[in-house]
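*Asks:* I'd like to ask some things about the structure below.
Numbering (this note's numbering), first residue to last: 1 to 421.
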């Protein structure tokens, strides 16, 4: 990659395009000003990372580094163009801080994976980690984009890397699954600890947790049509299941759904299945079928009833709150009609009231603020562009309330706030 550091523009102009900067106040229609009895979803800025394609579908990373907020946007463009890059944005105004460009020969719609923001080298400062179509995974310093570590891959990586202590040596490893299904575990010095090959396109992100509640970490991966595999810290197989998946696993999330200390793997498939697998042995705890194009991301006790919910979507445009222990419907809300696909929502406190909120994008370009207690849509924002991935929620200004960052198909990132203060 070639790094380009940009100066931050001193002048901020609301509602107009600033050279090298962003559209502040949003591009597209904002929330309905006619309601004043609830929270509103307000655009803060729209990044100047637009491309003449409509298929960007990788979510950004966001967080605070050295007291400053950053958003790290994976931007793809037309094949063999100069538009592919990992772009660091100032979270305050959306201006570009630095760009790591992908060479035109490697520029495709999958040029940069979903990035992670984590401390890889134990220096108490997070790096941004991403895999690229240059067939490598790298860590870049968050503040200036300088590359601090990298390793070669057999092919490009699609899903967000995981950073966690998998091997039990009290140091974090970087876990990457490339598009062909090869899993790499890399030490902090970027040497390979081990690899496993599954020979199947891997969409779902790898996850590290103590899935079987034995006191040691394991790695869950979902190599496409191979189902879900749990690997021990040394790379040996703990369990593997292709049942009940008849089609490719495209989305995964993990959580303890039933309070038994073991961590379940929730997998969603191209064919519309959402299933929860017991972390101890991979057995199916529950299964739901929603037609096609199921997706999951957010898991948590959204309604404060003491039970975890899984928030699932599918090709029918419906958002469902599923009870974690048994998968039954707690509520169902239709958020889109006849979509190409429905991106999954994110869960977090974006209103500042101390309770979680759902931020749910739709394929037709809307972003909805949804009450997780009953599925009511509280407000919305929209642009004339499609959305294909989940939002990223992060408190980038240090006020204790998360902002939402949504990647649109045209490559722009929108920052949204629903803080009622």
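We put the beta carbon where it would ideally sit given N, CA and C, even for glycine.
State the beta-bridge partners of residue 149 as determined by DSSP.
*Replies:* Here residue 149 corresponds to residue number 149 of the chain shown, with the count starting at 1. Paired residues: 139.
*Asks:* Using a Cβ distance threshold of 8 Å, determine whether the segment 182–189 contacts the segment 250–257, with at least three qualifying pairs required.
*Replies:* Result no; under three Cβ-Cβ pairs closer than 8 Å.
*Asks:* Would residue 208 and residue 220 be called neighbours here (beta carbons separated by less than 9 Å)?
*Replies:* As a working note, residue 208 is residue 208 in the chain shown. As a working note, residue 220 is residue 220 in the chain shown. Their beta carbons are under 9 Å apart, which means residue 208 touches residue 220 by this criterion.
*Asks:* Using 8 Å as the Cβ pair cut-off and three pairs as the minimum, do the segment 383–392 and the segment 75–92 touch?
*Replies:* The segment 383–392, when compared against the segment 75–92, does not touch it at the 8 Å Cβ threshold.
*Asks:* In whole angstroms, what is the alpha-carbon distance linking residue 42 and residue 417?
*Replies:* As a position in the chain shown, residue 42 is number 42, starting the count at 1. As a position in the chain shown, residue 417 is number 417, starting the count at 1. Distance between the alpha carbons of residue 42 and residue 417: 5 Å.
*Asks:* Under the rule that 16 or more other beta-carbon atoms within 10 Å means buried, what is residue 357, buried or exposed?
*Replies:* Numbered from 1 along the chain shown, position 357 holds the residue referred to as residue 357. Residue 357 should be labelled buried.
*Asks:* Based on Cα-Cα distance, which residue from 233, 224, 206 lies nearest to residue 217?
*Replies:* Walking along the chain shown from the start, residue 217 turns up at place 217. The residue with the shortest Cα to Cα distance from residue 217 is 233.
*Asks:* Identify, in the order they occur along the chain, each residue of the same chain with its Cβ nearer than 6 Å to the Cβ of residue 412, setting aside the five sequence neighbours on each side.
*Replies:* Along the chain shown, read from residue 1 onward, the residue named residue 412 stands at position 412. Correct list, in chain order: 46, 47, 49, 50.
*Asks:* Quick one: is residue 337 buried, meaning 16 or more other Cβ sit within 10 Å of its Cβ, or exposed?
*Replies:* Taking the chain shown and counting its residues from 1, one reaches residue 337 at position 337. Result: exposed.
*Asks:* Is the distance from the Cβ of residue 313 to the Cβ of residue 295 below 9 Å?
*Replies:* In the chain shown, counting from the first residue as 1, residue 313 sits at position 313. In the chain shown, counting from the first residue as 1, residue 295 sits at position 295. Yes, the Cβ-Cβ distance between residue 313 and residue 295 is below 9 Å.
*Asks:* Please list the terminal residues of the continuous beta strand (DSSP E) segment that includes residue 264.
*Replies:* Here residue 264 is taken as the residue at index 264 of the chain shown, counted from 1. Its beta strand (DSSP E) spans residues 264–269.
*Asks:* What are the start and end residues of the beta strand (DSSP E) that includes residue 239?
*Replies:* Taking the first residue of the chain shown as position 1, residue 239 is located at position 239. Note, residue 239: beta strand (DSSP E), 237–241.
*Asks:* So who's on the other strand from residue 420, going by DSSP bridges?
*Replies:* The residue you call residue 420 lines up with position 420 of the chain shown. DSSP output for residue 420 lists no bridge partner at all.
*Asks:* DSSP beta-bridge partners for residue 156?
*Replies:* As a working note, residue 156 is residue 156 in the chain shown. Residue 156 is not bridged to any residue.
*Asks:* Kindly identify the DSSP beta-bridge partner or partners of residue 288.
*Replies:* What you label residue 288 is simply residue 288 of the chain shown in a count that begins at 1. DSSP output for residue 288 lists 274 as bridge partner(s).
*Asks:* Report the three-state DSSP secondary structure of residue 226 (helix, strand or coil).
*Replies:* Here the question's residue 226 lines up with position 226 in the chain shown. Residue 226: helix per DSSP, three-state reduction.
*Asks:* To the nearest angstrom, how far is it from the Cα of residue 235 to the Cα of residue 180?
*Replies:* By one-based count along the chain shown, residue 235 stands at place 235. By one-based count along the chain shown, residue 180 stands at place 180. Going from the Cα of residue 235 to the Cα of residue 180 covers about 17 Å.
*Asks:* Does DSSP put residue 133 in a helix, in a strand, or in coil?
*Replies:* In the chain shown, the residue the question calls residue 133 occupies position 133. Here residue 133 sits in coil by DSSP.
*Asks:* Skipping 5 residues on each side, what residues in its chain have a beta carbon closer than 6 Å to that of residue 322?
*Replies:* Walking along the chain shown from the start, residue 322 turns up at place 322. Answer for residue 322: 310, 312, listed in chain order.
*Asks:* Can at least three beta-carbon pairs, one atom from the segment 343–355 and one from the segment 400–408, be found at a separation below 8 Å?
*Replies:* Enough Cβ pairs lie closer than 8 Å, so yes.
*Asks:* Roughly how many angstroms separate the alpha carbons of residue 278 and residue 258, rounded to a whole number?
*Replies:* Position 278 of the chain shown, counting from 1, holds the residue named residue 278. Position 258 of the chain shown, counting from 1, holds the residue named residue 258. C-alpha separation (whole angstroms): 10 Å.
*Asks:* Below 9 Å between beta carbons: does that hold for residue 100 and residue 140?
*Replies:* Working through the chain shown from its first residue, we reach residue 100 at position 100. Working through the chain shown from its first residue, we reach residue 140 at position 140. Contact flag set, yes.
*Asks:* Considering only residues of the same chain and omitting the five flanking positions on each side of residue 237, which have a CB-CB separation below 8 Å?
*Replies:* The residue labelled residue 237 in the question sits at position 237 within the chain shown. Result list for residue 237: 229, 230, 231, in chain order.
*Asks:* Less than 9 Å between the beta carbons of residue 373 and residue 302, yes or no?
*Replies:* The count along the chain shown starts at 1 and reaches residue 373 at position 373. The count along the chain shown starts at 1 and reaches residue 302 at position 302. A contact, by the Cβ cut-off of 9 Å.
*Asks:* Taking the alpha-carbon positions, what's the residue 261 to residue 98 distance?
*Replies:* On the chain shown, position 261 is the one that residue 261 refers to. On the chain shown, position 98 is the one that residue 98 refers to. Going from the Cα of residue 261 to the Cα of residue 98 covers about 42 Å.
*Asks:* Using only CA atoms, which one of 198, 319, 210, 215 lies nearest to residue 241?
*Replies:* One-based indexing of the chain shown puts residue 241 at position 241. It is 198 whose Cα lies nearest to the Cα of residue 241.
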